[in-house]
Amino acid sequence: MTSNDDSRRRAAEAWNKPVASSGRKVEALENRPKAKVPIAGQRNILITSALPYVNNVPHLGTIIGCVLSGDVFSRFCRLKGYQTLYICGTDEYGTATETKAIEEGLTPRQICDKYYTVHKDVYEWFNIHFDHFGRTTTAHQTEIAQDIFKKLHKNGYTSTSTVDQLH
């Protein structure tokens, strides 16, 4: 057994020990039932993280500044017995995606597919778990965003204007 294996084994044992204050054991993440919120009469917690761009491999800044705190908080909430849903995903729109696609000689869709998988793999390697890890380019996401925009527009919450700016 390597020192990394021993380290992982000890970490897993520590993680699975009952928490002294509550006596609860953290259920193995893969055995955890899928969260459904809200549930009337229960404390419902929705946690979201900033969506990382898919223009590169996530680095420690992405993990520490973006997804780790949400993962820690979701684990805490579950230990407290709260109904918890932790959602994140990749932001696949924007100039950064197009620029990376040109750099790599791929289409924006190919870049999104490639780096979505890379992001998912990196977060899993760091043992960061989401109840749902989505993408901004799915048909369902697009439908929801367009529906929200149309309702805002219909009710007079959008406007058009011209602004002179230096660039």
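Per UniProt numbering, the very first residue in the sequence shown carries number 1; after that it's consecutive. The beta-carbon is built from N, C-alpha and C at its ideal position, and this holds for glycine as well.
State the start and end residues of the unbroken beta strand (DSSP E) segment that holds H132. Against the sequence shown, residue 132 aligns to sequence position 132. From DSSP, the beta strand (DSSP E) with H132 extends over H132 to R135.
So, is H119 buried or exposed, given that buried needs 16 or more other C-beta atoms within 10 angstroms? Your numbering for residue 119 matches position 119 in the sequence shown. Counting Cβ neighbours within 10 Å, H119 comes out buried, since at least 16 surround it.
Just checking, does the stretch 46-59 make contact with the stretch 78-94 on the three C-beta pairs under 8 Å criterion? yes
Please state the DSSP three-state secondary structure of G156. Taking the sequence shown and counting its residues from 1, one reaches residue 156 at position 156. G156: coil per DSSP, three-state reduction.
Using the Cα positions of T107 and G81, report the straight-line distance between them to the nearest angstrom. As a position in the sequence shown, residue 107 is number 107, starting the count at 1. As a position in the sequence shown, residue 81 is number 81, starting the count at 1. Taking the straight line joining both Cα atoms gives about 45 Å.
Taking 7 Å as the cut-off, is the beta-carbon of A101 closer than that to any non-hydrogen atom of the ligand MG? As for the ligand MG, it is missing from this structure, which has no ligand bound.
Pick from L68, K154 and H167: whose alpha carbon is nearest that of I128? In the sequence shown, counting from the first residue as 1, residue 128 sits at position 128. Among L68, K154 and H167, the Cα nearest to that of I128 is on L68.
Pull up the CB-CB distance for I39 and T84, whole angstroms please, since I reckon it's below 8 Å. On the sequence shown, residue 39 is found 39 positions in, with the first residue counted as 1. On the sequence shown, residue 84 is found 84 positions in, with the first residue counted as 1. About 11 Å separates the two Cβ atoms, so there is no contact after all.
So what's L46 in DSSP terms, helix, strand or just coil? Here residue 46 refers to the residue found at position 46 of the sequence shown. In this structure, L46 counts as strand in the three-state DSSP scheme.
Among P58, V57, T62 and R75, nearest to I45 - alpha-carbon criterion: Here the question's residue 45 lines up with position 45 in the sequence shown. That would be R75, whose Cα lies nearest to the Cα of I45.
Could you tell me whether the Cβ atoms of T136 and E92 are closer together than 8 Å? Position 136 of the sequence shown, counting from 1, holds the residue named residue 136. Position 92 of the sequence shown, counting from 1, holds the residue named residue 92. Yes, these two residues count as a Cβ contact at 8 Å.
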